[in-house]
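Asks:
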Amino acid sequence: YIPGFRPENKDGYIQLVTHNYQAHNINSHEMEMLDAQPYTYDATIKGNFPEYAYPTDLNLTLKCGAQVMFVKNDTDKRYFNGMIGEVVKISNDGFTVSPKSDPEQLIEVHKDVWENTRYVLDEKTKEIKEKVDGTFEQYPVKLAWAITIHKSQGLTFNHVMIDASSAFAHGQTYVALSRCRTLEGIVLTSRISQSAIIADKHIDAYNNEMTKRRVDNDKLTLMRHNYSLHLVAELFNFEKERIGLASMTRIFQEFLSSTYASTTRVYEDMLRIFDMQVMNVSGTFHQQYTQMLHSLNGDVENEALQVRIRKGAEYFADKLYDVRELIENTQIDIDNAATKKRITTTRSDLLLQVRLHIKLLEIAADEGFTTSSYLQNRAKILLQIEESSNTKSSTNQKNATTKSTDKESIPTEIKNGDLYYRLKAWRAQRATADGVPAYMVLNTKALIAMANYVPTETKYLIRMPHFGNKSMEKYGAELLELIKAYAQEHNLKPAMPDSALQQPAEQQPEAPKEPKEKTYEKTLRLYLEGKKPQAIADERELALSTIISHLARYISSGEVHFDDLVSPANFERTKAYFATHPYSKELRLTDIRNSMGDDISFNDIKLSMLKLGYIK
């Protein structure tokens, strides 16, 4: 503690103070004491660079003999942020600084540029990138007889004078005392009172808690293994899909079963199949990979485990394709606004979850599983799907406002789709003309019945469900004219015998359904039609690796040619690799690909190994 301390200029002391006005007054006083010509250098600002972010003065005034501090690291390493020096030569064109730590060195200072950046999401790669909003160009120095303690954070000096008597923030005095490299280099120009040492109780509490929660290497390893298990379990957890599918089924059962009886039954069947083939199997699979992970001490990259993960991912992705197809093809008309909103929200959420899960499973089936890639892919895919959903939503809204009668959907219960559209268009026009909601003109159940039964006479029309005498009196003539015109165009007659007309439309006997084509059979059919694997993947909205795995089933039968899936060059590369690297079960597919290069796919390697007889 040396009150009134005045150091020698050569020592390069810098004074740390608590407030900006103190630093400004000290620097202004020292500048006035110099008997030399002042020079002012103006900064150049381009774009957006806020004043509070200026790294040094907008108008920098210096004199020969001024003590300055560099405020940026030099790319040529001549100076660094926090270096103290003295201006020894100056002119309108610039100046030269001699560091206090090495007076013999002369640094010719040039202007430098700071960038004001912000982070944006790249729409193509879905990666976070920097975008430059503006720049600030100026000489990278500032007057430095004194600076505030706040601005000294992160800097280190050889000699400091500290005035912390007016400290007002937590840790401010600590920052000042810790700026100097040695205790001998510190001079206090004012006493530090108890009131100037301010501790944050939250930091004290945190430090105390952290001493109790120290993690050793063994515990850290265990936590890492548990986290890997957590992510694998997340990949193979289908509870969200089950909840969404059950919600859709329940909505149909409670509100729509009378109008859409067959669709309701389809959802009921899908829920039962999902429970058997997904929920039950995933529970057993969870026990298997959990036991394997424990026996492998949490080594998630073990090849035997990776094989199980890839096969499991392929199996469950195949099951989710059926769910996705059902949801995407569920197109129905609903009169009740509350029910419509509820099913639209449920369907949208379920479809988003299924699409995300399918993408993650496809990647795992193709590349295996690692913690880092799973987290990166999950974030990237979610952004892509949400963006795609938003784009489709805005497009649909635009189309709805410009073409309200577009053929946007055909409920599965409809037999004559074109008649259904004509009836919908007529209903929309009458509703607009009458100023009433569409369902008050013609109930959806009545609309579906008319589209199915083609009632061309009054005796048939009056017996349609939810179409009474008042409706007949008001709209009968128009509807009969419309339906007759359609029937004549398509040479149709009323579709129901008299005895069946008493039954509601939803109770009509259904034609037997053709057996559903399995997903890999559909892929084979498209292949046999002459389509290439990539074209099939695009048409079916599936990953190319999934299409390849479908077609690989048929190589042994001769229905699919091996050369259509793997190029001869890549097969020869794989064959050459194993000529110098003997195969073993411990050899991981990831290691093989790392050795061969990223330009060959996992599928090419797997199929080549299959042909070479290394795997089955």
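Note that our numbering has the sequence shown beginning at 3, numbered continuously upward. Ideal placement from N, C-alpha and C gives every residue a C-beta, glycine not left out.
1. Per DSSP, what kind of secondary structure is Ala440 in: helix, strand or coil?
2. Between the C-alpha atoms of Ala367 and Val234, what's the straight-line distance to the nearest angstrom?
3. Spatial neighbours of Pro57 within its chain, please: C-beta separation below 6 Å, excluding the five flanking residues on both sides.
4. Comparing alpha-carbon positions, which option in Leu18, Val143, Ile86 lies nearest Ile188?
5. Secondary structure at Val325, three-state DSSP: helix, strand or coil?
6. Secondary structure at Glu106, three-state DSSP: helix, strand or coil?
7. When we look at the beta-carbon of Ile109 and count the other beta-carbons within 10 Å, is it buried (16 or more) or exposed?
8. Measure the C-alpha to C-alpha separation of Arg310 and Asp277 and round it to an integer number of angstroms.
9. Can you pull the DSSP bridge partners for Val70?
10. Quick check: the segment 190-197 against the segment 260-279, are at least 3 beta-carbon pairs closer than 8 Å?
11. Determine the direct distance from the alpha carbon of Val99 to that of Gly87, and round the result to whole angstroms.
12. Using the beta-carbon count (16 or more within 10 Å), is Tyr446 buried or exposed?
13. For Glu34, count neighbouring Cβ atoms within 10 angstroms of its own Cβ and tell me buried if that reaches 16, exposed if not.
14. State the DSSP-derived secondary structure class of Ser501, mapped to helix, strand or coil.
15. Just to check my reading of the structure: Ala315 and Leu363 have Cβ atoms closer than 8 Å, yes? What is that Cβ distance to the nearest angstrom?
16. Is Asp301 helix, strand or coil when you go by DSSP?
17. How is Gly49 classed by DSSP in three states: helix, strand or coil?
18. Mark Met163 as exposed unless 16 or more other C-beta atoms lie within 10 angstroms of its C-beta, in which case mark it buried.
19. Should Met225 go down as buried or exposed, given a rule of 16 or more other Cβ atoms within 10 Å for buried?
20. So, using beta-carbon positions, are Gln536 and Leu546 closer together than 8 Å?
21. Please name the residue or residues paired with Thr137 in a DSSP beta bridge.
22. For the segment 448-488, which segments carrying the alpha helix (DSSP H) assignment without a break, of at least 4 residues, lie completely within its bounds, in sequence order?
23. Which whole-angstrom value describes the C-beta separation of Asp15 and His161, a residue pair presumed to lie in contact below a C-beta threshold of 8 Å?
24. Asn379: which of Glu129, Ala339, Glu32, Asp320 sits nearest, CA to CA?
25. According to DSSP, is Gln509 helix, strand or coil?
26. If the criterion is Cβ atoms closer than 8 Å, does the pair Thr119 and Glu132 meet it?
27. Please determine, among His204, Lys608, Thr137, the residue with the shortest C-alpha to C-alpha distance to Lys48.
28. Using the Cα positions of Ala487 and Leu481, report the straight-line distance between them to the nearest angstrom.
29. How would you label Asp335, buried or exposed, when you count the other beta carbons within 10 angstroms and need 16 or more for buried?
30. Taking the C-alpha atoms as reference points, what is the distance between Arg8 and Pro101?
31. Going by DSSP, what residue range makes up the alpha helix (DSSP H) through Asn596?
32. Using the three-state DSSP reduction, which class does Thr372 fall into: helix, strand or coil?
33. Say whether the segment 338-351 touches the segment 281-301, bearing in mind that this needs 3 or more beta-carbon pairs closer than 8 Å, one atom from each stretch.
34. Would you kindly work out how many angstroms separate the C-alpha atoms of Ile275 and Gln386, rounded to a whole number?
35. Excluding sequence positions up to five away, which residues of its chain have a Cβ less than 7 Å from the Cβ of Gly560?
36. Using beta-carbon positions only, say whether Ile383 and Leu322 come within less than 8 Å of one another.
Replies: On the basis of the data shown:
1. Residue state, collapsed to three classes: helix.
2. Our two residues, Ala367 and Val234, have alpha carbons roughly 13 Å apart in a direct line.
3. Contacts found: Val73, Trp116.
4. With distances taken between Cα atoms, Ile188 lies closest to Leu18.
5. Residue state, collapsed to three classes: helix.
6. Correct three-state label for Glu106: coil.
7. When all chains shown are included, Ile109 counts as buried.
8. Roughly 21 Å separates the two Cα atoms.
9. Gly87, Leu145.
10. Contact between the segment 260-279 and the segment 190-197 is absent, because fewer than three Cβ pairs lie under 8 Å.
11. Distance between the alpha carbons of Gly87 and Val99: 6 Å.
12. The question names Tyr, but residue 446 in the sequence shown is Thr. Buried, by the Cβ-count rule.
13. It counts as exposed.
14. At Ser501, the pLDDT of 45 sits below 50, so the modelled position is not reliable and the matter cannot be decided from this model.
15. Distance from Ala315 to Leu363 at the Cβ level is roughly 4 Å; contact confirmed, criterion being Cβ atoms closer than 8 Å.
16. Residue state, collapsed to three classes: coil.
17. Reduced to three states, the DSSP call for Gly49 is strand.
18. So Met163 ends up on the buried side.
19. Exposed.
20. Yes. Within cutoff.
21. Answer is Lys48, Glu117, bridged to Thr137.
22. Restricted to the segment 448-488, the alpha helix (DSSP H) segments that are unbroken, complete and at least 4 residues in length are 460-463, listed in chain order.
23. Checking the sequence shown, residue 15 turns out to be Tyr, not Asp. Confirmed, Cβ separation roughly 4 Å.
24. Closest by alpha carbon: Glu129.
25. Low local confidence applies: a pLDDT of 41 at Gln509 is under 50, so the model's placement there is unreliable, and no value is given.
26. Yes.
27. Relative to Lys48, the option among His204, Lys608, Thr137 whose CA is nearest is Thr137.
28. Taking the straight line joining both Cα atoms gives about 10 Å.
29. Residue environment for Asp335: buried (at least 16 other C-beta atoms within 10 angstroms of its C-beta).
30. Straight-line Cα distance between these residues: approximately 20 Å.
31. Here the alpha helix (DSSP H) through Asn596 covers 591-598.
32. DSSP places Thr372 outside both helix and strand once states are collapsed to three, so it counts as coil.
33. Of all C-beta pairs linking the segment 338-351 to the segment 281-301, fewer than three are shorter than 8 Å, placing the two stretches out of contact.
34. So the two alpha carbons sit approximately 29 Å from each other.
35. Within the same chain, and ignoring the five residues on either side of Gly560 in sequence, no residue has its Cβ closer than 7 Å to its Cβ.
36. No, the Cβ-Cβ distance between Ile383 and Leu322 is not below 8 Å.
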